[in-house]
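Numbering (the numbering used here), first residue to last: 18 to 599.
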């Protein structure tokens, strides 16, 4: 932004503000609230939704006949602005009333009830009735995918999802369709989501202000499984859940609630309660071994981490010529499912066919991942059901628990131990740091005294670092957000990259910013708080290297044999496939 300033007046007060700012920007800095709906400023992602389509932020500018949308109108010298004039207020009300006139009137049963921007805005503007009755657009819901439900009838053409999909994630799936009364946002030709190149990252869901885009709801299926007397239902929770779930119950972002989660899962009726961190440690055993094997045997480099299903689907659609570079490791929660239905079932004397594995994930894409045919064994999915952080919070509320007052519980012991290395899987840079903690000791034969690879940390979209592996320099690349991943992959494809290993996470911030996490409404400070808390939990762990986990050591001694061995390859590794780009 330019350092030049201009003098303006807002609501009778004089201000000196940066030139080229919008009215909305300067009003926000001055503590003046101008309501918005379509506007979404993702400063940390360098993206702004500039549709200016909702006309909710209208203000009065002296000397102008028409009201001005504050979100896109630039300030100028001497501008006299009224944000609270009767004319502006009436225009805002009219804009929302017109949106409501063409919006389904089903708030009680809507997935976004009490968490809907349109609903909240109507309340703030004092709208208590539908002023304009008449015809409403009607579209069938798209329930074709296992991850995302698209309900075009609730689309208000704010185009936030379009900005996220095209400008941030660069997937190019969503765009404006039709005109006038029938206008909606959707895939080209309004194709079903499953027939597109959608990665199911869920970032469109995260920014949608209504319920035009929501995750597939699996809560009823989980309740049914728990109630089934012949089923043994196991729950596992991902690392990023523990630093975000509390937000659903009024706790500050970044509050660590690991113990309360264990208690809540047990009270909900799960037969086994586990932490996916155990499987993250298992993933490192395989992934670090794979990296060392490639380095020592002139294997394909760079090796890319494969824990994120959205980014895996992204490379399958967008860069199929590079499918030999991702690690073949399954993601941690899928590994957990595979081990639960073999090793755990054997140790506990349980029929594997009776085990139902439920994953509580910060991710919408995990739902579709669980149904991938290559992630099955003997016609049974490794993971049966996936619920997001938001869905898990709903289940806790349904059960009537006061989550903030729950005592801290423990996860079950068998397959229950985990290290700090597994916790940091929850944020960008964490997976590759965890892998290096183990790879360093295995490659050098020396004890790694300082386990914090701080050069790998941060929230910059693309980061790189060089790690000294006893005289051998290992060049590491890290990207979060699929737009940043695209830049790295293009460099690899074009021979401009000389990395040895790369971590990619589809969601901005990594799993802490996952599409299934509590809505952060573009507030970067929330992601930062979750990110910081992940490292706090890591630092508080007694064990901080995956290969030191005694439960993991026992698993290999009793069941798997060795990393990259025959049994490990059969249960813990997978393959990828070229997919059409649509």
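Positions of the beta carbon are idealized from the N, C-alpha and C atoms, including for glycine. Everything numeric in this text was worked out from a predicted model, so none of it was measured.
Chain-order list of residues whose beta-carbon lies under 7 angstroms from that of residue i (same chain, five-residue window excluded)
i	result
residue 515	492
residue 616	Since the displayed the chain opens at 18 and closes at 599, residue 616 lies outside it and no answer follows.
residue 449	322, 473, 493, 495, 518, 520
residue 281	413, 418, 420, 423
residue 533	219, 232, 378, 379, 380, 381, 405, 406, 407
residue 15	Because the chain is modelled from 18 through 599, residue 15 falls outside the range shown and cannot be assessed.
residue 361	431, 432
residue 44	27, 51, 87, 100
Option in the options with minimal Cα separation from residue i
i	options	result
residue 191	198, 177, 197, 199	177
residue 146	126, 159, 413, 122	122
residue 576	363, 540, 523, 74	363
residue 330	186, 461, 262	186
residue 47	27, 57, 529, 344	27
residue 404	82, 377, 424, 412	377
residue 482	453, 506, 508	453
residue 171	130, 181, 143	130
residue 109	451, 86, 447, 154	86
residue 295	82, 538, 432	432
residue 591	509, 582, 392, 498	392
residue 1	441, 465, 344	The chain is shown from 18 up to 599; residue 1 falls before or after that span and cannot be answered.
residue 144	111, 341, 165, 462	111
residue 155	179, 198, 253, 181	198
residue 84	69, 96, 105	105
Under 9 angstroms between C-beta atoms of residue i and residue j
i	j	result
residue 406	residue 531	yes
residue 200	residue 189	no
residue 227	residue 134	yes
residue 271	residue 549	yes
residue 326	residue 383	yes
residue 439	residue 349	yes
residue 597	residue 245	no
residue 297	residue 343	no
residue 554	residue 475	no
residue 332	residue 593	yes
residue 138	residue 54	yes
residue 312	residue 163	no
residue 580	residue 303	yes
residue 529	residue 443	yes
residue 427	residue 279	yes
residue 98	residue 73	no
C-beta neighbour in chain D for residue i, strict 9 angstroms
i	result
residue 255	Annotation note: the requested chain D is absent from the structure, which comprises a single protein chain.
Sequence-distant residues of its chain with Cβ nearer than 6 angstroms to residue i (five each side left out)
i	result
residue 159	167, 209, 210
residue 354	374, 399, 400
residue 546	270, 271
Sequence-distant residues of the same chain with beta carbon closer than 8 angstroms to residue i, five excluded per side
i	result
residue 601	Here the chain covers residues 18 to 599 and nothing more, so residue 601 does not appear.
residue 243	250, 285, 286, 287
Notebook entry, point to check: Does the count of Cβ pairs from the stretch 487 to 503 and the stretch 519 to 536 closer than 8 angstroms reach three?
Noted result: yes
Notebook entry, point to check: Of all the alpha helix (DSSP H) runs that stay within the bounds of the stretch 366 to 429, which reach a length of 4 or more residues?
Noted result: 382 to 386, 406 to 415
Check: Unbroken beta strand (DSSP E) runs of length 3 or more, entirely within the stretch 275 to 357: which are they?
Finding: 289 to 292
Notebook entry, point to check: On the three-pair Cβ rule with 8 angstroms, is the stretch 147 to 154 touching the stretch 113 to 129?
Noted result: yes
Item checked: 4-residue-minimum alpha helix (DSSP H) runs that sit fully inside the stretch 469 to 553, ordered along the chain -> 499 to 510
Notebook entry, point to check: At which residue ranges does the stretch 64 to 116 contain complete beta strand (DSSP E) runs of 3 or more residues, listed in the order of the chain?
Noted result: 64 to 66, 75 to 78, 97 to 99
Next item on the list: Taking only runs that begin and end inside the stretch 112 to 174, name each unbroken alpha helix (DSSP H) of 4 or more residues, in chain order.
Entry: 134 to 141
Check: Can you give, in chain order, each stretch of the alpha helix (DSSP H) that sits fully within the stretch 193 to 270 and has at least 4 residues?
Finding: 220 to 224, 236 to 244
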